[in-house]
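Here the structure comes first, spelled out in structure tokens, and everything after it is commentary.
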Amino acid sequence: MPPIMNMDNTQYFVAKTFAGLEPLLADELTALGARNCRILSRSVSFEGDFGLIYKANYFSRFALRVLWRQKSFTFNNNRQFYEQIFDFPAEQFMGMGNTMAVHATNVDSIFKTPLFAAVLAKDAVCDRFRDLFGERPDVDRDDPDVQFHLHIYQNEAQLFLDSSGESLHKRGYKVRNHPAPVNEVVAAAMVKLSGWHGECDFQDPMCGGATILIEAAMQALNIPAGFYRREYGFQRWKNFDAQKWRQIRQSARILDDVDVDFYGSDINNSFLDIARANVSKARLEDFIHMEKRDARQAKPARVPTLVMTNPPYGERLEVEDINEFYSEIGDTLKNNFSGCRAFLISSDMDALKHVGLKPNMKVKLYNGQLECRFVGYDLFSGDRRNYVKHQKES
Ligand SMILES: C[S@@+](CC[C@H](N)C(=O)[O-])C[C@H]1O[C@@H](n2cnc3c(N)ncnc32)[C@H](O)[C@@H]1O
Numbered sequence: 002m003p004p005i006m007n008m009d010n011t012q013y014f015v016a017k018t019f020a021g022l023e024p025l026l027a028d029e030l031t032a033l034g035a036r037n038c039r040i041l042s043r044s045v046s047f048e049g050d051f052g053l054i055y056k057a058n059y060f061s062r063f064a065l066r067v068l069w070r071q072k073s074f075t076f077n078n079n080r081q082f083y084e085q086i087f088d089f090p091a092e093q094f095m096g097m098g099n100t101m102a103v104h105a106t107n108v109d110s111i112f113k114t115p116l117f118a119a120v121l122a123k124d125a126v127c128d129r130f131r132d133l134f135g136e137r138p139d140v141d142r143d144d145p146d147v148q149f150h151l152h153i154y155q156n157e158a159q160l161f162l163d164s165s166g167e168s169l170h171k172r173g174y175k176v177r178n179h180p181a182p183v184n185e186v187v188a189a190a191m192v193k194l195s196g197w198h199g200e201c202d203f204q205d206p207m208c209g210g211a212t213i214l215i216e217a218a219m220q221a222l223n224i225p226a227g228f229y230r231r232e233y234g235f236q237r238w239k240n241f242d243a244q245k246w247r248q249i250r251q252s253a254r255i256l257d258d259v260d261v262d263f264y265g266s267d268i269n270n271s272f273l274d275i276a277r278a279n280v281s282k283a284r285l286e287d288f289i290h291m292e293k294r295d296a297r298q299a300k301p302a303r304v305p306t307l308v309m310t311n312p313p314y315g316e317r318l319e320v321e322d323i324n325e326f327y328s329e330i331g332d333t334l335k336n337n338f339s340g341c342r343a344f345l346i347s348s349d350m351d352a353l354k355h356v357g358l359k360p361n362m363k364v365k366l367y368n369g370q371l372e373c374r375f376v377g378y379d380l381f382s383g384d385r386r387n388y389v390k391h392q393k394e395s
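Per this note's numbering, residue 2 is the first one in the sequence shown, and the count goes up by one each step.
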């Protein structure tokens, strides 16, 4: 069954992301063919044809989920709200055998809680099915076949279908989890923000589960963000177009090889095992080389190398003296990585000051709920003033 279309086939979507990544996401969506991208809070709204749902889910590195707007309406009481949802032809997307769930956000409306709105909307959909087919569909909050999102602001509601299912940061290459990982979407954004395009080697000396290395290698090899992922919400909709989905996946232009190498190391053998398992799942063993090493002894294989790492925060991994540790990392970068650039992400602002290098880039990012700073350094030998002068002259 075809999706519900406007006369000109233009559909309206919202892609969610982390705070601070909205501009990256808007640029990425525009490159995928989205029109009228508007930056909202932790999301980007955009327009385009139906195929954009598949494209955005498969190619976007910076989206956490993609919502497809089905209707927007105003309401003044529960009855009007219920009727608007009841009128929505949900049977175009789900059959009686499918499960469903409604997630709601609610700001300044007649509803005291989003949960109340979600339950009312769920009842409206179920009642519609009972009237049409004589039975109510089952609700499955954990793994529904069809997930509705309701955004309610004052007396206006927007009803969306969640096309992604599980959050898109779940790329499908993590076979084992590190206890303090950087989110895949954040790691992809860090690589993008660094300006690195695969022109030099890439090294993570505290690689944990290898998230940053895998995201960097995926970008260098042009591997789509969703390449390893098996499931998306839209695949369970009645209108799923398997042929279009195949065409979109086949449009990816993955490179066979790149001229650079990726190096990961960690001090902890069991974390290295996790990294190896993830790299192997991503089939990137030929590109990402790993060894056990203390980051304070790290060196580049070639200069320049881009160093990007997520040192222990103290909050989630115990380090005896975190400030002293960051200071030693700063010394290692300064002494061993002259001619390279380095980027660190940490939620420990105080410890970051102890790195003792002057950052030329500082961005606020969120690793999930955790507010972090992503800082970049140009590494050079000798005096900073001479370096800056030389940079200006050259
Ligand atoms: C925050 S975790 C990195 C998580 C990683 N970015 C990921 O997504 O899985 C920090 C890592 O630093 C490692 N580490 C701590 N001290 C180290 C040291 N002296 N040398 C090398 N690695 C170290 C820890 O073993 C841990 O895996």
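Beta carbons: idealized from backbone N, C-alpha and C, even for Gly.
All values reported here derive from a predicted model rather than from experimental measurement.
- Note on the segment 125-207: whole beta strand (DSSP E) runs with a minimum of 3 residues are 147-154, 157-163, 202-205, in chain order.
- Phe60 has its alpha-carbon roughly 16 angstroms from the corresponding atom of Ala283.
- Comparing C-alpha distances from Cys373 to each of Ser339, Asp267, Asn184 shows the shortest one belongs to Asn184.
- The beta carbon of His290 sits closer than 8 angstroms to the beta carbons of Asp262, Phe263, Tyr264, Gly265 from its chain, once the five residues preceding and following it are set aside; these are given in chain order.
- In the three-state DSSP reduction, Gln12 falls in the strand class (E or B).
- For Phe344, the shortest C-beta to heavy atom distance toward ligand 1 is 7 angstroms or greater.
- Met207 has its Cβ nearer than 7 angstroms to a heavy atom of ligand 1.
- Under the three-state reduction of DSSP output, Leu285 falls in the coil class, being neither helix nor strand.
- C-alpha of Lys363 to C-alpha of Gly357: approximately 14 angstroms in a straight line.
- Short of 7 angstroms from the beta carbon of Pro360, and not among the five residues preceding or following it, lie these beta carbons of its own chain, in chain order: Val376, Gly377, Tyr378.
- Excluding residues up to 5 positions away in sequence, Gly52, Tyr55 lie with their Cβ nearer than 8 angstroms to the Cβ of Lys245 in the same chain.
- With contact defined as three or more Cβ pairs closer than 8 angstroms, the segment 15-31 and the segment 126-145 are not in contact.
- Judged by the Cβ position, Ala296 qualifies as a neighbour of ligand 1 at the 7 angstroms threshold, a heavy atom of the ligand being closer than this.
- Spanning the alpha carbons of Gln248 and Asp242 requires a straight line of approximately 10 angstroms.
- The continuous alpha helix (DSSP H) containing Asn337 extends over residues 323-337.
- Here DSSP, grouped into helix, strand and coil, assigns Arg250 to helix.
- The beta carbon of Lys175 sits closer than 6 angstroms to the beta carbons of Asn279 from its chain, once the five residues preceding and following it are set aside; these are given in chain order.
- Across the set Met207, Phe161, Ala158, Asp109, the C-alpha of Met207 shows the shortest separation from the C-alpha of Thr310.
- For Asp267, the distance from the CB to the nearest heavy atom of ligand 1 is below 7 angstroms.
- When C-beta atoms of the segment 135-150 are compared with those of the segment 87-100, three or more pairs fall below 8 angstroms, so the two segments count as touching.
- Taking a contact to require three or more Cβ pairs closer than 8 angstroms, the segment 61-70 and the segment 196-214 do not qualify as touching.
- For Gly52, the enclosing alpha helix (DSSP H) has its first and last residue at 52-60.
- Within the chosen limit of 7 angstroms, ligand 1 does not reach the beta carbon of Phe375 with any heavy atom.
- Taken atom to atom, the span from the alpha-carbon of Arg39 to that of Val45 is near 5 angstroms.
- Here DSSP, grouped into helix, strand and coil, assigns Lys239 to coil.
- Annotated as distal: Leu353 and Ala343, with beta-carbon spacing of 8 angstroms or more.
- Taking 8 angstroms as the upper bound for CB-CB distance, Ala190 and Gly209 are not in contact here, some 17 angstroms apart.
- Between Ile275 and Arg177, the C-beta spacing is below 8 angstroms.
- Here the alpha carbon of Phe134 sits roughly 55 angstroms from the alpha carbon of Asp287.
- In terms of CA proximity to Tyr327, Leu345 leads the group Leu345, Phe338, Ser339.
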